[in-house]
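Novice: Dropping the structure in here first, questions after.
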Amino acid sequence: MTDTVYLIVSVILTIGVLIGISLLSRVKTAVYGNMLSVLCTAGAIIVTMYKYGILSLVELWISMIAGLVVGLIWAYRIKMIQMPQVVAFLNGLGGAAAASIAIVTLLDIYTLDFFALLTAALALTIGMVTLTGSMVAAGKLHKLLPQKPINWRYHQGITTISLILVIISIVLICIPTVSLPISAIFCLLISGFFGIAFTVRVGGADMPITISLLVSFSGIADGIAGMAINNLLLVILGGTVGASGLLLTKIMCRAMNRQLSDILMGRTAVVEIKDKKQGTKEEKVARDEPVKDNLEDILKNAKRVIIVPGYGMALAQAQQHVKQLADKLEANGAKVDFAIHPVAGRMPGHMNVLLAEADVPYEKLKVMEEIDHEFEESDLAIVIGANDVINPAANTEEGTPIYGMPILNVEKAKHIIICNYDLQPGYSGVDNPLY
Numbered sequence: 212m213t214d215t216v217y218l219i220v221s222v223i224l225t226i227g228v229l230i231g232i233s234l235l236s237r238v239k240t241a242v243y244g245n246m247l248s249v250l251c252t253a254g255a256i257i258v259t260m261y262k263y264g265i266l267s268l269v270e271l272w273i274s275m276i277a278g279l280v281v282g283l284i285w286a287y288r289i290k291m292i293q294m295p296q297v298v299a300f301l302n303g304l305g306g307a308a309a310a311s312i313a314i315v316t317l318l319d320i321y322t323l324d325f326f327a328l329l330t331a332a333l334a335l336t337i338g339m340v341t342l343t344g345s346m347v348a349a350g351k352l353h354k355l356l357p358q359k360p361i362n363w364r365y366h367q368g369i370t371t372i373s374l375i376l377v378i379i380s381i382v383l384i385c386i387p388t389v390s391l392p393i394s395a396i397f398c399l400l401i402s403g404f405f406g407i408a409f410t411v412r413v414g415g416a417d418m419p420i421t422i423s424l425l426v427s428f429s430g431i432a433d434g435i436a437g438m439a440i441n442n443l444l445l446v447i448l449g450g451t452v453g454a455s456g457l458l459l460t461k462i463m464c465r466a467m468n469r470q471l472s473d474i475l476m477g478r479t480a481v482v483e484i485k486d487k488k489q490g491t492k493e494e495k496v497a498r499d500e501p502v503k504d505n506l507e508d509i510l511k512n513a514k515r516v517i518i519v520p521g522y523g524m525a526l527a528q529a530q531q532h533v534k535q536l537a538d539k540l541e542a543n544g545a546k547v548d549f550a551i552h553p554v555a556g557r558m559p560g561h562m563n564v565l566l567a568e569a570d571v572p573y574e575k576l577k578v579m580e581e582i583d584h585e586f587e588e589s590d591l592a593i594v595i596g597a598n599d600v601i602n603p604a605a606n607t608e609e610g611t612p613i614y615g616m617p618i619l620n621v622e623k624a625k626h627i628i629i630c631n632y633d634l635q636p637g638y639s640g641v642d643n644p645l646y
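Going by my numbering, 456 is the number at position 245 of the sequence shown; the sequence numbering is gapless.
Now the structure itself:
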């Protein structure tokens, strides 16, 4: 295959991946977008093997088939509730792949120029940061590690020093007079430590942003690894994933009204939850009682219902029960839709995945911009395990962590039913005036 043909095929496959990513942004076409991206990625692997004359290597086919079998078995056994940690884990494997390419490249010491050394060092660094950071994120999401931010003594100083050492290790790799194996091992270890240091102090509720950032890191690492081995297709696809991840990270930060630097510095934006006075508790209980008395009438008479799922639904694994509730409301003549906040859950699209598992039709899953204005016309809003994303204080309480954050305006609905575990504030610690 000539370089020109390879370039043309690479561009076609990249366009296919971009179209697939675009289709992923819409619920109705997400499945097709995923299939298209998978096919284009598989095509990229085959084309690359053909280009470099390794298509007939039995070892490669055995490895790929083994990976395919493991992936299929894992996909079959993994529950939807475990999807956030699975995404984080698989993203870490992407970083490991980039680091592996860098290591193999650095083994060929005598044929590398400065550009190859620099790109290999960067791929090794970012790949290891992605690997260890993603493993920490997966551990937090799987509750193997505390979900609260973990702050070491002198954490900021340790992180800063490790970052400086990472930069020094990259410089040492690029200096021919320095022992390359020692520099590479040092770079690998210190980069891995830095990934742990910056991820371990991220709280569980900030994981959607962290995961999208790590996805970007994975793409960037793979793209730079492609530069190191002069593989144009890997550069293009890695850059595409990196850019998509950065864009998603920006969108998620805006949706949570958070600064990325605050998240990575472990500033959780949680205010202290003060003990409520007994009178306040009694007032809340008294306010709940009338709702309990006429709850059945509200459900029967509601003709326009909007359900707002949150992380509490995921924790309770209540998506099947929520689907049954929606079916009963529809059988009673109500029109039911689901309002999905972009940062509900622990990863982008978390609520969509869980509700899809419960066979909720895609067309009923509405993004915030699409359905927010409909709360004014709704008879009933049902909140399932959500708090901060519906908190009206985001519009009024200046100085609070959620002030300015776009929310779902459920308070505009005629009636509101909130099904939460308790009356405590959400992750931000800001009291919710709805209850």
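Every residue gets a Cβ at the ideal spot worked out from N, C-alpha and C, and that includes glycine.
As the structure is a computational prediction, the values presented were derived from the model and not from experiment.
Just the Cα atoms here: how many angstroms apart are L645 and I627?
Specialist: Within the sequence shown, the letter at position 434 stands for residue 645. Within the sequence shown, the letter at position 416 stands for residue 627. Taking the straight line from one Cα to the other gives about 9 Å.
Novice: Starting from L355, trace the beta strand (DSSP E) in both directions and tell me its first and last residue.
Specialist: In the sequence shown, the residue the question calls residue 355 occupies position 144. No beta strand (DSSP E) holds L355; DSSP gives it neither H nor E.
Novice: With distances taken from CA atoms, which of L318, I509, M294 is nearest P392?
Specialist: Translated into the one-based positions of the sequence shown, residue 392 becomes position 181. Answer by Cα proximity: L318.
Novice: Express the C-alpha separation of A604 and S472 in angstroms, rounding to a whole number.
Specialist: Mapped onto the sequence shown, residue 472 falls at position 261. Mapped onto the sequence shown, residue 604 falls at position 393. Cα to Cα, the separation comes out at about 24 Å.
Novice: For the alpha helix (DSSP H) that H366 lies in, which residues bound it at each end?
Specialist: In the sequence shown, counting from the first residue as 1, residue 366 sits at position 155. Element bounds for H366: 366-385.
Novice: Pick helix, strand or coil for V228, following the three-state DSSP scheme.
Specialist: Stepping through the sequence shown from its first residue, residue 228 is reached at position 17. Residue state, collapsed to three classes: helix.
Novice: Can you tell me whether DSSP reads P559 as helix, strand or coil?
Specialist: On the sequence shown, residue 559 is found 348 positions in, with the first residue counted as 1. P559: coil per DSSP, three-state reduction.
Novice: By how many angstroms is the C-alpha of W285 removed from the C-alpha of V641?
Specialist: Position 430 of the sequence shown holds residue 641. Position 74 of the sequence shown holds residue 285. Taking the straight line from one Cα to the other gives about 39 Å.
Novice: For H626, name the three-state secondary structure that DSSP assigns.
Specialist: Residue mapping note: residue 626 aligns to position 415 of the sequence shown, counting from 1. DSSP places H626 in strand when its eight states are reduced to three.
Novice: Do the region 450-469 and the region 608-622 make contact, defined as three or more Cβ pairs closer than 8 Å?
Specialist: They touch, by the three-pair rule.
Novice: Sort G521, M246, C251, N245 by Cα distance to V220 and report the nearest one.
Specialist: Residue 220 sits at position 9 when you count from the first residue of the sequence shown. Nearest option by C-alpha distance: C251.
Novice: Is DSSP giving D642 helix, strand or coil here?
Specialist: Sequence index remark: in the sequence shown, residue 642 carries index 431 (1-based). Residue state, collapsed to three classes: coil.
Novice: Under 9 Å, do A307 and A332 count as touching if we go by C-beta distance?
Specialist: The residue given as residue 307 occupies position 96 in the sequence shown. The residue given as residue 332 occupies position 121 in the sequence shown. Their beta carbons are not under 9 Å apart, which means A307 does not touch A332 by this criterion.
Novice: Using 10 angstroms around the beta-carbon of G282, count the other beta-carbons present and answer buried if the total reaches 16, otherwise exposed.
Specialist: Numbered from its first residue, the sequence shown carries residue 282 at position 71. G282 comes out exposed.
Novice: Taking all protein chains shown into account, decide if V298 is buried (16 or more other Cβ within 10 angstroms of its Cβ) or exposed.
Specialist: For the purposes of this step, residue 298 is taken as residue 87 along the sequence shown, with counting starting at 1. Per the 10 Å Cβ criterion, buried.
Novice: Tell me, please, whether the region 510-518 touches the region 538-545 by the rule of three or more beta-carbon pairs shorter than 8 Å.
Specialist: Segments in contact, yes.
Novice: In whole angstroms, what separates the C-alpha of N681 from that of I369?
Specialist: The requested residue 681 is not part of the displayed model; the chain covers only 212 to 646.
Novice: Within 10 angstroms of its Cβ, does G637 collect 16 or more other Cβ (buried), or is it exposed?
Specialist: Residue mapping note: residue 637 aligns to position 426 of the sequence shown, counting from 1. G637 comes out buried.
Novice: Indicate the three-state DSSP secondary structure (helix, strand or coil) for R412 in the structure shown.
Specialist: Within the sequence shown, residue 412 is the residue found at index 201, counting from 1. Coil, per DSSP.
Novice: Report the option in N620, E507, Y261, S233 whose CA atom is closest to the CA atom of L536.
Specialist: On the sequence shown, position 325 is the one that residue 536 refers to. Nearest of N620, E507, Y261, S233 to L536, Cα basis: E507.
Novice: Where I185 and R288 are concerned, what is the direct C-alpha to C-alpha distance, given to the nearest angstrom?
Specialist: As shown, the chain starts at 212 and ends at 646. That puts residue 185 outside it, with no answer to give.
Novice: Taking only three categories from DSSP, how would you classify I484?
Specialist: Taking the first residue of the sequence shown as 1, we reach residue 484 at position 273. Because I484 sits at a pLDDT of 44, beneath the cut-off of 50, its placement in the model cannot be relied upon, and the following sentence gives the value as read from the coordinates. Coil.
Novice: Measuring alpha carbon to alpha carbon, tell me which of L352, A334, S345 ends up nearest S665.
Specialist: Coverage of the chain is limited to positions 212 through 646, which leaves residue 665 absent and any answer about it impossible.
Novice: Any heavy atom of the ligand SAM closer than 8 Å to the CB of S311?
Specialist: This structure simply doesn't include the ligand SAM, nor any ligand for that matter.
Novice: Among V377, T316, I372, R412, which has the Cα closest to the Cα of S345?
Specialist: Locating residue 345 in the sequence shown gives position 134, counting from the first residue. Residue R412 is the option with its Cα nearest to S345.
Novice: Pull up the CB-CB distance for A569 and K625, whole angstroms please, since I reckon it's below 8 Å.
Specialist: Residue 569 sits at position 358 when you count from the first residue of the sequence shown. Residue 625 sits at position 414 when you count from the first residue of the sequence shown. Actually they do not touch by this definition, with Cβ atoms about 26 Å apart.
Novice: Where does A307 sit, in a helix, a strand or coil, going by DSSP?
Specialist: The count along the sequence shown starts at 1 and reaches residue 307 at position 96. Correct three-state label for A307: helix.
Novice: I need the straight-line Cα distance from S295 to K359, nearest angstrom please.
Specialist: Counted from its first residue, the sequence shown places residue 295 at position 84. Counted from its first residue, the sequence shown places residue 359 at position 148. Here residue 295 is Pro; the residue named in the question, Ser, does not match the sequence. Their backbone Cα atoms lie some 16 Å apart in a straight line.
Novice: Going by DSSP in three states, I514 sits in which element: helix, strand or coil?
Specialist: In the sequence shown, residue 514 corresponds to position 303, counting from 1. In the sequence as presented, Ile is not what sits at residue 514; that position holds Lys. Correct three-state label for K514: coil.
Novice: Have a look at M275, D583, C385 and flag the residue whose alpha-carbon is nearest the alpha-carbon of P553.
Specialist: The residue you call residue 553 lines up with position 342 of the sequence shown. The option with the nearest alpha carbon to P553 is D583.
Novice: On a Cα-Cα basis, can you pick out the residue from P419, S274, I601, M212 that is closest to A550?
Specialist: Numbered from 1 along the sequence shown, position 339 holds the residue referred to as residue 550. When only C-alpha atoms are compared, the closest one is I601.
Novice: How would you call P419, buried or exposed, if buried means at least 16 neighbouring beta carbons within 10 angstroms?
Specialist: Residue mapping note: residue 419 aligns to position 208 of the sequence shown, counting from 1. Classification of P419: buried, given that the 10 Å Cβ count is 16 or more.
Novice: Going by Cα to Cα distance, which pick from M291, M275, Q367, C385 is closest to F325?
Specialist: Reading the sequence shown from its first residue, position 114 is the one you call residue 325. Among M291, M275, Q367, C385, the Cα nearest to that of F325 is on C385.
Novice: Suppose you measure from the CA of Y632 to the CA of I372; what does that come to, to the nearest Å?
Specialist: Position 421 of the sequence shown, counted from the first residue, corresponds to residue 632. Position 161 of the sequence shown, counted from the first residue, corresponds to residue 372. In a straight line, the C-alpha of Y632 is about 42 Å away from that of I372.
Novice: Report the residue from Y261, V258, I230 whose alpha carbon sits nearest the alpha carbon of M246.
Specialist: The residue given as residue 246 occupies position 35 in the sequence shown. Closest by alpha carbon: I230.
Novice: Can you tell me where the alpha helix (DSSP H) with D538 in it begins and where it stops?
Specialist: Residue mapping note: residue 538 aligns to position 327 of the sequence shown, counting from 1. Run containing D538: 530-542, per the alpha helix (DSSP H) assignment.
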